[in-house]
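All remarks here apply to the structure that follows.
Numbering (this note's numbering), first residue to last: 495 to 1260.
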């Protein structure tokens, strides 16, 4: 633990952890240290205004859920950038954060952190969704904004808490899913299938319960990338004449030729989990979770170019459609790779309630990249069958967390004060080493090529007090004190030569929170404000940047983001059961020192992209959410949400042309709509739609062409699903995602029309 954490001593640590409690973060039933068994639901606490929940039965009726990130598809202001079924690079976007800001949201499952806070990007820092299967999910709750002191500054966007099922008696279930995607673009025309099987079993005998689950996915993806080339200024006399490429524009409007496709992945994934629980006494419970995720992923490339003999062309100087292009031997290597992963996670949790007024929780979790190797070639076409290449080894990367929490409510819910306090510790470690390989497909790790290493840790204490000003009016005050440290950072490279030991960094910050909430006769209103510090991640601090022939670490002294967020919400519940609701929220967010990748010059070099602090980003918006049941006819349910956000770069000294421009990857308009009809007791039909207007990828909004590889399109997507319950045990579903076969880009080309068929069996569950 950090010196700050140790200095407080065990007595102070326990004193804070077991101190009394408030109700501010109660809204997330599956909070980081919450019990596995859900004890409440959204709508029972005043913060339900800023919280959305989807439960297992609703997911089964309305969502073509093949992987767990699908379960949040229709929740307001959430978009998970899943490029295809089985994608492990699927970051979350929220009201004011785009797909490149993975560290601005938190994802938990049964108290285990799935967010990979080793980075802040849309690749290796994406949440580890693959550690949860849809069949396990009991419910998913989402809280928007950094208004609870129980969560770190990474909650600027949202906290997603997944609760999985705990058995009450013997039960078992199994299911199979088949999906088929059709895709046609440029020189690619194919069908990409996916197969999924899953099985779960669990039981409770007296004070002891267990649940064992397994899932396997075998899936193939559409191209995740295209290989492009820019024309030479003058035709080359010695160029090889080729056919098959496609003339187009890149995202800045410059002419390019699309000459091939890459990243056509074939993934085989296995998920196995064991949950054990023991009610030691009626007032003391313990649980243990063990999870394993394994993946074998082989990606290949295809060249659209053909020479006079019909052979594919991957490198050299070529003449296409009257223009000449120079293709480097590495032009296609980015889309050809293999990946071998074995990740483990564990969590140990205790919960006790010594008296009706006092309860406590303790949880420790571990996520370990036990094996994580990606192999890639140095050059094509030789690399198609082997030859020299590289092995990127991230084994040893991972994180550890510890949380303690106390809750004291003297006098019950009607008491004047309800206090909550806790302590938190985490450590994130990046171990990224690249080795040469004589045979990139089967060879062993050879001479080291480069390394990026580092650690961060955070110690935190937090306190909240809910003050009952009057029976309908509550004021919650909270604060979170955090000490962050980054250390053991090192960048090393053999060629070009680089060996930098990065400076140790530390920062202490206090984040106040306040919520004023009123609820009476079906009406709810709240005013919330919070300060949040989002500390730099290991990869943001210690990344390597190529500048001509050199490698540099441009800024190991990044400062934390500081967000000041507010929300005003009014909600109305209708009907005796309060099943129909409407909510309007107005939000603002000012982020100082925002951490966003942008291009600038280093020491007179050509512009290079890396993460920098942007002086200020300002966002304002409004969100409307409506849910209605038995509309027009019994059995017809409707839900919809619409959001408008104006987000722009208010000040950027490093790149003045970006000032006033739209913040990258944040749409102005986004909406979802879902209609579900329970046609008969056994048949349910659902139609859904999602919309987002176009966004920009460049901070200066210079990417004026959206419908091209690396561009960012707007989209309108329609989905459909039919579920038929055959009997009390068997059910079948047939669905279609992207019903209209919309072709769109979010940097990568996204899937076409996908048909999904599912068959499931359940024994013993309610």
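A virtual CB, placed ideally from N, CA and C, is assigned to each residue, including glycine. Because the structure is a prediction, the values reported are computed rather than measured.
By a C-beta neighbour count over all protein chains shown, 10 Å radius and 16 as the cutoff for buried, is residue 892 buried or exposed? buried
Kindly indicate the opening and closing residues of the beta strand (DSSP E) around residue 626. Residue 626 -> no beta strand (DSSP E), and no H or E assigned at all.
Residue 1087 in three-state terms, based on DSSP: Residue state, collapsed to three classes: strand.
State the CB to CB distance for the pair residue 640 and residue 654, rounded to an integer number of angstroms; the pair is presumed to be in contact (CB under 8 Å). Contact doesn't hold; Cβ gap of about 14 Å is too wide.
Taking the CB atoms as reference points, tell me whether residue 952 and residue 826 lie closer together than 8 Å. no
Bridge partner(s) assigned by DSSP for residue 554: BP columns for residue 554 are empty, so no partner.
Starting from the Cα of residue 648, find the closest Cα among 854, 935 and 591 and give me that residue. 591
Restricting to Cα atoms, I'd like to know which of 1037, 1087 and 986 is closest to residue 1056. 1087
Assigned secondary structure, residue 1111 (DSSP; H/G/I helix, E/B strand, else coil): Residue state, collapsed to three classes: strand.
Nearest candidate by alpha-carbon position, reference residue 1064, set 1082, 1016, 1034 and 586: 1016
Tell me whether residue 1153 sits in a helix, a strand or coil according to DSSP, three-state version. coil
How long is the line joining the alpha carbons of residue 1248 and residue 1181, rounded to whole angstroms? Counting only the Cα atoms, residue 1181 lies some 15 Å from residue 1248.
Measuring alpha carbon to alpha carbon, tell me which residue in 909, 810, 974 and 1000 is nearest residue 753. 810
Mapping the DSSP letters down to three states, classify residue 1173 as helix, strand or coil. coil
Residue 846 versus residue 1051: straight-line alpha-carbon distance, rounded: Going from the Cα of residue 846 to the Cα of residue 1051 covers about 43 Å.
How do the stretch 720-737 and the stretch 658-674 stand: do at least 3 beta-carbon pairs fall below 8 Å, yes or no? no
Between which two residues does the alpha helix (DSSP H) holding residue 775 run? Taken as a continuous stretch (DSSP letters only), residue 775 belongs to no alpha helix (DSSP H), being part of the beta strand (DSSP E) at 749-775.
Can the beta-carbon of residue 812 be found closer than 8 Å to that of residue 756? no
Just the Cα atoms here: how many angstroms apart are residue 855 and residue 778? 10 Å
Return the first residue and the last residue of the alpha helix (DSSP H) that residue 1036 is part of. It spans 1032-1036 - the alpha helix (DSSP H) in which residue 1036 sits, taken as one unbroken run.
Hey, quick one: how far does the beta strand (DSSP E) through residue 705 stretch, first residue to last? Note, residue 705: beta strand (DSSP E), 702-714.
Thinking just about the alpha-carbon of each residue, which of 968, 1084, 993 and 790 is nearest to the one in residue 1019? 968
Alpha-carbon spacing of residue 1245 relative to residue 792, whole angstroms: 18 Å
Residue range of the unbroken beta strand (DSSP E) whose run includes residue 572: Unbroken run through residue 572: none, as it is neither H nor E.
Within 10 angstroms of the Cβ of residue 849, are there 16 or more other Cβ atoms? Answer buried if so, exposed if not. exposed
In this structure, how does DSSP classify residue 652 when only helix, strand and coil are distinguished? strand
Quick check: the stretch 690-705 against the stretch 798-810, are there 3 or more CB pairs under 8 Å? The answer is no - the stretch 798-810 does not touch the stretch 690-705, with fewer than three Cβ pairs under 8 Å.
What residues in its chain sit with their C-beta under 7 Å from that of residue 1156, if we drop five residues either side in the sequence? 1141, 1142, 1190 and 1195
Tell me the rounded alpha-carbon separation between residue 1276 and residue 580. Here the chain covers residues 495 to 1260 and nothing more, so residue 1276 does not appear.
Which two residues bound the contiguous beta strand (DSSP E) that contains residue 842? 831-849
Bounding residues of the beta strand (DSSP E) (the contiguous stretch that carries residue 1018): 1017-1028
Out of 789, 1049 and 1132, which one is the CA nearest neighbour of residue 1119? 1132
Residue 821, buried or exposed, once every other Cβ within 10 Å from all chains shown has been counted against 16: buried
Straight-line CA distance for residue 1241 to residue 1205? 5 Å
Close beta carbons around residue 837, own chain, < 6 Å, minus the five adjacent residues each side: Setting aside the 5 residues that flank it on each side, residue 837 is surrounded in the same chain by 787 and 863, each with a C-beta closer than 6 Å to its C-beta; the list follows chain order.
Quick test of your reading: residue 1034 and residue 618, contact by CB under 8 Å. State the CB separation rounded to the nearest angstrom. That pair is no contact at about 12 Å.
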